[in-house]
Amino acid sequence: MSILITPDTNILIQGITGEFGARHTRLSLDYGTKVVAGVTPGKGGQFFEHKEHKVPIFNSVADAAKATGATVSAIFVPPPFAGDAILECVDAGLDLAVAITEGIPVKDMIRVKRAMQGRTTRLLGPNCPGVVTPGTGKDSHGGCRIGIAPGYIHKKGHVGVVSRSGTLTYEAVFQLTSKNIGQTTCVGIGGDPVNGTSHLDVIKQFNDDPETHGIIMIGEIGGNAEVEAARWIKANCKKPVAGFIAGATAPAGRRMGHAGAIVGGAEDTAAAKIAVFKECGIEVAATPSDMADALLRAAKAKGVVLT
Amino acid sequence: MNIHEYQAKALFEKFGVPAPKGAAAKSAAEFDAALASLPEGPTMVKSQIHAGGRGKGTFTNGYKGGVKFCKTKAEAKEIAGKMLGETLVTIQTGPAGRKVQTVYFTAASDIKKEYYLAILLDRATSKPVIVASTEGGVEIEKVAHDTPEKIHKIVVDPAYGLADFQVRELIFKLGFNPAEAKNAAKLIRNLYTCYWETDAAMVEVNPLITTPTGEVLALDAKVSFDDNALFRHPEIVALRDLNEEDSKEIEASKYSLSYIALDGNIACLVNGAGLAMSTMDIIQHFGGTPANFLDVGGGASKDQVIAAFKIILGDPNVKGILVNIFGGIMDCNVIAQGIVEAVKEVGLKLPLVVRLEGNNVAAGKATLASSGLTLVSGDTMADAAQKIVKLVAT
């Protein structure tokens, strides 16, 4: 199994006719992902064509879901309209909305998150690379790729990866695959201060997933989400976990690309988070090149086989 | 985006947050007119720069104090002349300091007690939080550390906004007397509206004061805005002061590059914010010091790479460059070609280590190898970081 999505998940793309959305829709189709619908208001009735694929476009998420059975949306809508796009998924009762869009105003996300309380839709992101459940084909073909991650670097297997950063996730996945260690699901939760799904939410799902034998958790300076997850791991998770925190050299108060990665107080520095990781039994990667090796050390210590 | 105190006070006035009467001057010729708008008597002179610690700062000409109390308007005019156009160094400016291009005169207030009041995002709940304390006029971080019980927090539900009972709760916790309470309640409500309506990232009033006559006033004002929301606030964008921003950062933003200057000597050029941050970290891990954060984003076109090299080389401290690209979707060969052209165009003389990984990496490495450039290839991030640290040290 995997978490959040499986290779059989039917997905729709909001903003499928935009340049960014179209490019990644083609890559997902090439990867073998079941992209069954697109949504662009005003272009309902048209089709998104790529090679042998002919994806119908709808005016609304509700129409698309009703007609095609899509349960998950990937959102590539520009920032001023992205909050509304998320709410549309919630209203249509989708299982999961994955917001790739970078640059959504914080106030919009505050309101969206409040509106999602008590509803069944889960949000990943915004400002995230998306989520990949690798398939069994060549270069993990046949998997479910939602978002902008390179599909071919993955390999089907037993490690779960959760991260706020896109390229750092790819770095970890690439190291794992190079060592012939596959992944169940790789989840990007996004670099914004207000996001839908936390490290802890994902860690809980990996913990419950029998196919996931080990976990890599990649965090950043700012906030206390990694600390919250680490404390839960200490109390509840028996699986080997490796961790990495980016931003040890980032100066306080500066925003380095990710709006969430700003040091505010003493508790959210890299050093403080790393100290909590160690205290909670998480094997800390000394450098980003050490992420896969750190998980191997953690697995060896617990006698767990990752391959 | 940050704004100056005098601009924040103008915003406060618009939203009904009372502050002492004030007027700004951008040249000595404007001093008289500015002072004429204020009442006779004690006057404050405040240097306007985007950095804290102004009161305890020192000007590079030796004059001490970027915020001064003056007994008369005549004295205020004289003191303002010592600040305007001079460079003020505070704990937050770094040794280079900031040139004072505006001074702000305010009527001096009779202070009964100082408080602290701020509104910002509470990341734990994803809701706005009002932070208040009876310990104003001092560093709030120190108060939070030494006496956390003196920090009061009210989390606001965005579905219905700041509730009256929450305002009352704050008023009681801060211990205002009945005469002050009415004024304080109005100020808190209006400050919250100001925060919410302008898409502020933070509004901070330190100190908030009471006067012997029961007034409640924002003595200082620090306001910053969510950059992502500026598209719907042209009136706030108009307040931007480019003099307060790093010229290299402004140049970088023209090419959609995210650049932040640091103090070290190894420049880095990376795709992706998380990878860029951890590239800085790994340089430090192996004993080097990063000169900058630079994220070229997901696209990394040739023009962007050339612009990035030019910006990096504009920093005289840079002694070597580390390029770290994980080309997930991007073709590594296209990036390699961009690097080769950029290096040739800028005539690079410094050591350069390139770590390329990802899509079509073999062709990319071949392009670099056959380019005739004296660059060093790194296989992993650790390998590349160790190589550049060694090259810069020798």
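Residue numbers (our numbering), protein chains in the order written: chain A, 39 to 345; chain B, 33 to 426. Built from N, CA and C at the ideal position, the CB exists for glycine as well. No experiment lies behind these values; they were computed from the predicted model shown.
Look at Ser40 (chain A) here: in three-state DSSP terms it is coil, with no helix or strand label. Segment contact: the region 156-168 of chain A against the region 80-91 of chain A, fewer than three CB-CB distances shorter than 8 Å; contact not assigned. Of all residues in the region 277-289 of chain A, only Phe282, Ala284, Gly285, Ala286, Thr287, Ala288 and Pro289 come within less than 8 Å of chain B when Cβ atoms are compared, listed by chain position.
The closest CA to that of Lys316 (chain A), considering only A:Ser327, A:Ala267 and A:Pro289, is found on A:Ala267. Asp247 (chain A) is classed as buried because its beta carbon has at least 16 other beta carbons within 10 Å across all chains shown. Using a C-beta cut-off of 8 Å, the region 227-238 of chain B makes no contact with the region 52-64 of chain B, since fewer than three inter-stretch Cβ pairs fall below that distance. Counting only Cβ-Cβ distances below 7 Å, Ser285 (chain B) has no contacts in chain A at all, with the closest Cβ about 12 Å away.
Within the region 249-329 of chain B, the runs of alpha helix (DSSP H) at least 4 residues long that lie entirely inside it are, in chain order, 266-269, 279-286 and 305-317.
Met76 (chain B) carries a strand assignment under DSSP once its states are collapsed to helix, strand and coil. According to the DSSP assignment, Gln418 (chain B) belongs to the alpha helix (DSSP H) that extends over Met413 to Ala425. For a Cβ distance threshold of 8 Å, nothing in chain B lies close to Glu264 (chain A): the least Cβ distance comes to about 12 Å.
Non-local C-beta neighbours of Lys311 (chain A) in its own chain, meaning closer than 7 Å and more than five positions away in sequence, comprise Gly257, Glu264, Val265 and Ile283, ordered along the chain.
Membership of Ser69 (chain B) in any beta strand (DSSP E) is not indicated, and neither H nor E is assigned to it by DSSP. Chain A has a Cβ within less than 8 Å of the Cβ of Arg155 (chain B).
Inclusion of Asp327 (chain B) and Ala308 (chain B) in the CB contact set at 8 Å is warranted, their separation being smaller than that value. For the set A:Leu162, A:Arg64, A:Val144 and A:Gly53, the Cα lying nearest the Cα of Ile361 (chain B) is the one of A:Arg64. Taking the Cα positions, Thr47 (chain A) is about 7 Å away from Cys182 (chain A).
For the beta strand (DSSP E) assignment, the uninterrupted runs of no fewer than 3 residues enclosed by the region 96-144 of chain B are, from N- to C-terminal side, 99-102, 119-121 and 135-139.
Rounded to whole angstroms, the separation of the alpha carbons of Tyr287 (chain B) and Val350 (chain B) is 21 Å. When DSSP reads this structure, Gly281 (chain A) sits in a beta bridge with A:Met255 and A:Val322. For Tyr190 (chain A) and Ala261 (chain B), the gap between their C-alpha atoms comes out near 36 Å. Take the alpha-carbon of Val73 (chain A) and the one of Phe114 (chain A): they are about 14 Å apart. In the three-state scheme derived from DSSP, where H, G and I count as helix and E and B as strand, Gln84 (chain A) is classed as coil. In this structure the region 313-321 of chain B does not touch the region 363-378 of chain B; the number of beta carbon pairs closer than 8 Å is below three. Only residues of its own chain outside the window of five on either side were considered, and among them Tyr208 have a CB closer than 7 Å to the CB of Pro188 (chain A), listed in chain order.
Val322 (chain A) and Ala280 (chain A) have their alpha carbons spaced roughly 6 Å apart. Exclusion of the five residues before and after Pro244 (chain B) leaves Asp142 and Lys144 as the residues of its chain whose Cβ lies within less than 7 Å of its Cβ. When C-alpha distances from Thr139 (chain A) are compared across A:Cys127, A:Ala103 and A:Phe58, the shortest belongs to A:Phe58. For secondary structure counted as the beta strand (DSSP E) over 3 or more consecutive residues, the region 82-152 of chain A holds these complete runs in sequence order: 85-88, 91-96, 110-113 and 134-137. Here DSSP, grouped into helix, strand and coil, assigns Ala398 (chain B) to helix.
CA-CA distance, Gly129 (chain B) to Asn274 (chain A), rounds to 50 Å. When the Cα atoms are used, Gly329 (chain B) and Gly252 (chain A) turn out to be separated by approximately 30 Å. Residues of the region 197-217 of chain A with a Cβ closer than 9 Å to any Cβ of chain B, in chain order: Ser201, Arg202, Ser203, Gly204, Thr205, Leu206, Thr207, Tyr208, Glu209, Phe212 and Gln213. For Ile361 (chain B), the chain A residues whose Cβ falls inside 9 Å of its Cβ are Arg61, His62, Leu65, Ile186, Ala187 and Pro188, in order along the chain. Among the bridge pairs identified by DSSP, Gly390 (chain B) is matched with B:Gly359. Assignment of Asn215 (chain B) by DSSP, reduced to helix, strand and coil, places it in the helix class.
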